[in-house]
Amino acid sequence: MIIHEVNETNFEEERKKGGLVVQEKFDSWDRLGKLKISIDEFKAKAAYLMRDPTLWSYATLKDKQNIKLSSYFFQDIIMNDRWRFVQCTAANQIGKTWGAGIIKGAHHALHTNNASVMLISRSENQAKGILDEIKWMFKRAHIDYTIFEDEVTNRFEYHIKSPDGVGTSAIRVFPPTPAILSFPATLIIMDENGFWESKVCTMSPIAFYQQCVEPRTNATKNWKHPFLTMGQIVGITNPNGQNGLAWWLRNNKEFHNYTYNWLANPNNTLEEYKKKEKSLPPIRFASVYAATYLMASGGFITLEQYLRFKAYNRQLVVQPGCQLYLGGDVAGEDPKSRNTDSSVLYAVVQVKNKNFPQNPRIGVVHRKSFPPGTPREDFYNEIDMLKKLPNVHIVKFAYDKPGVGDSVQRDLIDRGILSESQIEPLTYSLPNKSEVYLNFQQLFHQDMIEGCHIEKLQEQILALKVEQPTGSIHIKVHHKTEGVKDDEPDALANACYVAKGHVGYLESSFVSNELVVKDAPDIVSKGIKANREFEEYILKNQARVPYT
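Going letter by letter, the sequence shown gives residues 56 to 603 in my numbering.
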């Protein structure tokens, strides 16, 4: 059930309306401090107001800039929902974990006798980071919270004395593993539950929730408390496509669901939001900014996008003096691959972008396809031919490593065609292929790639299908029609990946050989040597940096 949503169309109204609600809460606390009443009466009224985690944090805590902690309106809504099952879908870095996780978790532990707060995040390090934030928050507070600390405090567990002065409340953090089965929970916070993956836990995230998470609260849900919900489960995440635990909970009628896009945070602007919409692939923008569950499956690049690429009618000619980025898909040497698979080579260049010089466009300048059975030597000779064109420099050549291994790299080095720093073998694991193809999709989506009509490329590129495996944070790209190959888009995607991953603007900061003075002092020579070594490191590793 969708309870509340802030999106591009209603954010101004919701900000204003919600802002008035939280401001009235803050004013009520500020007024209390001005009343001429006895200390006992003040304590009683303050204790009543601090039942609200928004007011408790405002009254006693500071933010990271040591300013009184004023929660945003959407944080206030989530923290004060007393329904047993709550799921919040929100954009990145707007304060969802800070509000629904850190403040709510700490407030619950301090106001519940023998509380057991369980914080589950996507990784062990992320889980430890949340507990660290809670401890730092207490250290920055207006009041001394150290008197509430009990004997146990480490990176995974933090004990606090219960309000009755007898019991102990515990805040424990976990990655999504069966280790949580050792404890009951009066409150469970599921952080980034749209991205849960575990090498230890063999269950899917949905099965893990059903078998491990919810049962932790089956006894504590019957506990009585004057103002907090016992056995409550709260999930917070940004979307990860229409699959996995977060999507399942969003469609679970037992859950109160909330959606807050990037504009829910009053510090963010519509102008920034629109810029990101233009600069990111749709699936990433939907997850990071729009907070929408975009269906990842379906056609990868549309006919309209291909027609834009084709309309540039760019000549496949390598001009003298250009810097080339090559991408290849090389047929394997085993009999089956050699007789059925083609090898394909593409060359692209960076094209000046007048509007954003730091974000160059891509132009296709060369393509060569080698039919099945062609000796691999012909493929190498094609690269050598490009290398020997007048004043042409091959910056990087990327190829798919699966099926051919390191043999292509070794052959090119042994023949003196390319150096090791010019070659990028791409291991097409799911994460790596996701990065390569999301970069490729982004170029077509933003009309940032210029080409011409290539029949084989059109056939294969329009047959590509993207899917998101259940529970995975990565996409899977493959051809949706049996018998259709993907060597053309693979080769072009590889070329585009190294072209966009190339940190070209750094070159101007390096000292060229021609400027080195022979009799330079020793300290200068060492500096120049270090500079050159850094240049070599950048050129060797630049394509490893994901382009976003």
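C-beta: ideal position from N, C-alpha, C; glycine also. What you are looking at is a predicted structure, and each value in this text was computed from that prediction instead of being measured.
Open item on the list: Is it buried or exposed, K333, if we count other Cβ atoms within 10 angstroms and call 16 or more buried?
Closed with: Mapped onto the sequence shown, residue 333 falls at position 278. Exposed: under 16 other Cβ atoms inside 10 Å.
Open item on the list: Quick check on the burial criterion: 16 or more other C-beta atoms within 10 angstroms. Buried or exposed for D545?
Closed with: Translated into the one-based positions of the sequence shown, residue 545 becomes position 490. Under this definition D545 is a buried residue.
Task: Where M440 falls: helix, strand or coil (DSSP) - done: To locate residue 440, count along the sequence shown from 1; it is residue 385. Three-state result, M440: helix.
Open item on the list: Less than 8 angstroms between the C-beta atoms of G556 and F364, yes or no?
Closed with: For the purposes of this step, residue 556 is identified with residue 501 of the sequence shown, where counting begins at 1. For the purposes of this step, residue 364 is identified with residue 309 of the sequence shown, where counting begins at 1. With a cutoff of 8 angstroms on beta-carbon distance, G556 and F364 are scored as not near each other.
Task: Through-space distance from E475 to H214, alpha-carbon basis - done: As a first step, residue 214 must be located in the sequence shown, where it is residue number 159. As a first step, residue 475 must be located in the sequence shown, where it is residue number 420. One alpha carbon belongs to H214, the other to E475, and they sit about 54 angstroms apart.
TODO: Mind the definition here: the region 244 to 263 touches the region 172 to 180 only if three or more C-beta pairs lie below 8 angstroms; say whether that holds.
DONE: Three or more Cβ pairs drawn from the region 244 to 263 and the region 172 to 180 lie within less than 8 angstroms of each other, which places the two stretches in contact.
TODO: Please report how far the alpha carbon of H500 lies from the alpha carbon of A99, in whole angstroms.
DONE: Translated into positions along the sequence shown, residue 500 becomes position 445. Translated into positions along the sequence shown, residue 99 becomes position 44. Roughly 59 angstroms separates the two Cα atoms.
Open item on the list: Does S476 come out as helix, strand or coil in the three-state DSSP assignment?
Closed with: In the sequence shown, counting from the first residue as 1, residue 476 sits at position 421. Helix at S476.
Open item on the list: So the candidates are F282, K540, S217; which of them puts its Cα closest to the Cα of E510?
Closed with: Indexing the sequence shown from 1 puts residue 510 at position 455. Nearest option by C-alpha distance: K540.
Open item on the list: Which of the three DSSP states is assigned to H59 in this structure?
Closed with: In the sequence shown, counting from the first residue as 1, residue 59 sits at position 4. The answer is strand: DSSP assigns H59 an E or B state.
Open item on the list: Give me, in chain order, the residues of the same chain whose beta-carbon lies closer than 8 angstroms to that of G428; leave out the 5 immediate sequence neighbours on both sides.
Closed with: Indexing the sequence shown from 1 puts residue 428 at position 373. Non-local C-beta neighbours of G428 in its own chain, meaning closer than 8 angstroms and more than five positions away in sequence, comprise R393, N394, ordered along the chain.
Task: Which residues DSSP lists as bridging N273, in chain order - done: Along the sequence shown, one-based indexing puts residue 273 at 218. Its beta-bridge partners do not exist; DSSP assigns none.
TODO: Kindly identify the DSSP beta-bridge partner or partners of E309.
DONE: On the sequence shown, position 254 is the one that residue 309 refers to. DSSP lists no beta-bridge partner residue for E309.
Task: N-terminal and C-terminal residue of the beta strand (DSSP E) that Y264 is part of - done: Indexing the sequence shown from 1 puts residue 264 at position 209. DSSP places Y264 in no beta strand (DSSP E); its state is neither H nor E.
- [ ] Label S93 either buried or exposed according to how many other C-beta atoms from any shown protein chain fall within 10 Å of its C-beta, with 16 as the threshold for buried.
- [x] To locate residue 93, count along the sequence shown from 1; it is residue 38. Taking every protein chain shown into account, the CB of S93 has fewer than 16 other CB atoms within 10 angstroms, so this residue is exposed.
Task: Outcome for I57 when other beta-carbon atoms lying within 10 angstroms are tallied against a minimum of 16 - done: As a working note, residue 57 is residue 2 in the sequence shown. Exposed: under 16 other Cβ atoms inside 10 Å.
Open item on the list: Extract the residue ranges of the alpha helix (DSSP H) inside the region 316 to 382, only unbroken runs of 4 or more that lie entirely within it.
Closed with: Complete alpha helix (DSSP H) runs here, min 4: 325 to 334, 337 to 340, 358 to 366.
- [ ] Step through the CB atoms of chain D and report whether any lies within less than 8 angstroms of the CB of L87.
- [x] No chain D appears in this structure, which consists of one protein chain only.
Open item on the list: Quick check: the Cα distance between T380 and N62, rounded to an integer number of angstroms?
Closed with: As a first step, residue 380 is located in the sequence shown; it is residue number 325 there, counting from the start. As a first step, residue 62 is located in the sequence shown; it is residue number 7 there, counting from the start. A small fix is needed here, since residue 380 is Tyr in this sequence, not Thr. Computed Cα separation, rounded: 40 angstroms.
- [ ] May I have a chain-ordered list of the beta strand (DSSP E) segments no shorter than 3 residues that lie completely inside the region 109 to 194?
- [x] Segments of the beta strand (DSSP E) lying fully in the region 109 to 194: 140 to 145, 171 to 175.
Task: Proximity to G74 [Cα-Cα], best of F129, R195, D384, D85 - done: Counting from one through the sequence shown, the residue named residue 74 turns up at place 19. For G74, the nearest C-alpha among the options comes from F129.
TODO: Express the C-alpha separation of D131 and S52 in angstroms, rounding to a whole number.
DONE: Residue 52 is absent from the structure shown; the chain starts at 56 and stops at 603.
Task: Simplified DSSP assignment, three categories, for V406 - done: Looking up residue 406 in the sequence shown gives position 351. DSSP, read as helix, strand or coil, puts V406 in strand.
Task: Top-ranked residue by Cα proximity to T275, from Q477, A170, E69, K456 - done: As a first step, residue 275 is located in the sequence shown; it is residue number 220 there, counting from the start. Comparing Cα-Cα distances from T275 to each of Q477, A170, E69, K456, the minimum goes to A170.
Task: Bridge partner(s) assigned by DSSP for E505 - done: As a position in the sequence shown, residue 505 is number 450, starting the count at 1. E505 pairs with G418.
Task: Nearest-angstrom Cα separation, counted from G290 out to E60 - done: Working through the sequence shown from its first residue, we reach residue 60 at position 5. Working through the sequence shown from its first residue, we reach residue 290 at position 235. Between E60 and G290, the C-alpha separation is close to 16 angstroms.
Open item on the list: Going by DSSP, what residue range makes up the beta strand (DSSP E) through G290?
Closed with: Residue mapping note: residue 290 aligns to position 235 of the sequence shown, counting from 1. Boundaries of the beta strand (DSSP E) harbouring G290: 287 to 292, taken from the DSSP string.
- [ ] Put T208 into one of helix, strand or coil per three-state DSSP.
- [x] For the purposes of this step, residue 208 is taken as the residue at position 153 of the sequence shown. DSSP places T208 in the strand class (E or B) of the three-state scheme.
TODO: Sort out for me which residues DSSP pairs K451 with in a bridge.
DONE: Within the sequence shown, residue 451 is the residue found at index 396, counting from 1. Beta bridge pairing from DSSP links K451 with Y380.
Open item on the list: Between I243 and R210, how many whole angstroms is the CB-CB distance? I'm expecting something under 8 angstroms.
Closed with: If you number the sequence shown from 1, residue 243 lands on position 188. If you number the sequence shown from 1, residue 210 lands on position 155. The C-beta distance from I243 to R210 rounds to 19 angstroms, too long to fall under 8 angstroms, and the pair is not in contact.
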